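Following: one structure in structure tokens, then a few remarks.
Chains as they are written, first to last, in the working numbering: chain A, 1 to 113; chain B, 1001 to 1114.
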């Protein structure tokens, strides 16, 4: 069974601070996705990283895929209250013509004004 | 482009009852997946349907079932409800053939079992 461990589980910071969220596994994934879920809504895809060592930037968010495609990190610079939410990583593995997503349990981020 | 629509958004049932949840995917998407989300277990995969066929299945008991219609709309059913079935049930749609498997989620159906 493939598992994705996310850390920290909870994070409460002040507006303007920087933070990093980690997503680790012992399994290799063909790609990895990050989603953000706000209260009362479903998760929304932020980014997909495909290549080992890949770095993608989305405004103040920087996503990195590990060289071995087993782990990933999400760094937020100068966090804002609007960044508050549950951040989920999901590893994609292929099985023939199908694919399977394995989700981590998430990091609940609260950014206080 | 309309998003994924789930109905009902909220429902309360008692133990032993059954429930049916509905999901309308994004137009053109042929794959529909269902997930159960709880604070303790996170997002857990229930099953995936593609072109009316169940393509993948998670590790849930047979009380959880689903189906997909020819217009790609999907329903899931939970019979003989237990307290532990209280959760947010999320439906996600995708093209079904993407190698990176991006999912588009609905807002979920929150089920409370009393």
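Ideal Cβ placement from N, Cα and C applies to all residues, glycine included. Note that this is a predicted model, so its numbers are computed, not measured.
is_contact[residue i, chain A] using C-beta, thresh 9 Å
i                       : result
residue 1033 of chain B : yes
residue 1063 of chain B : no
residue 1021 of chain B : no
residue 1002 of chain B : no
Residue i versus residue j - alpha carbon distance
i                       : j                       : result
residue 57 of chain A   : residue 20 of chain A   : 14 Å
residue 4 of chain A    : residue 23 of chain A   : 6 Å
residue 1017 of chain B : residue 1062 of chain B : 15 Å
residue 1107 of chain B : residue 69 of chain A   : 30 Å
residue 43 of chain A   : residue 1013 of chain B : 25 Å
residue 1086 of chain B : residue 61 of chain A   : 34 Å
residue 72 of chain A   : residue 113 of chain A  : 28 Å
residue 1060 of chain B : residue 1043 of chain B : 13 Å
residue 1056 of chain B : residue 98 of chain A   : 8 Å
Local conformation of residue i per DSSP, three classes
i                       : result
residue 3 of chain A    : coil
residue 1103 of chain B : coil
residue 71 of chain A   : strand
residue 1081 of chain B : coil
residue 1063 of chain B : coil
Enclosing beta strand (DSSP E) for residue i [first to last residue]
i                       : result
residue 1045 of chain B : 1042–1050
residue 1004 of chain B : Here residue 1004 of chain B belongs to no beta strand (DSSP E), and DSSP marks it neither H nor E.
residue 114 of chain A  : Any property of residue 114 of chain A remains undetermined from this structure, which presents chain A solely from 1 to 113.
residue 101 of chain A  : 98–103
residue 84 of chain A   : That residue, residue 84 of chain A, is in no beta strand (DSSP E); it is neither H nor E in DSSP.
Cβ neighbour criterion (16 or more within 10 Å) applied to residue i
i                      : result
residue 12 of chain A  : exposed
residue 105 of chain A : buried
Contact with chain B by residue i, beta-carbon distance below 9 Å
i                     : result
residue 98 of chain A : yes
residue 42 of chain A : yes
residue 90 of chain A : yes
Any non-hydrogen atom of the ligand SAM within 8 Å of residue i CB
i                     : result
residue 44 of chain A : What this structure holds is no ligand at all, so the ligand SAM is not there to describe.
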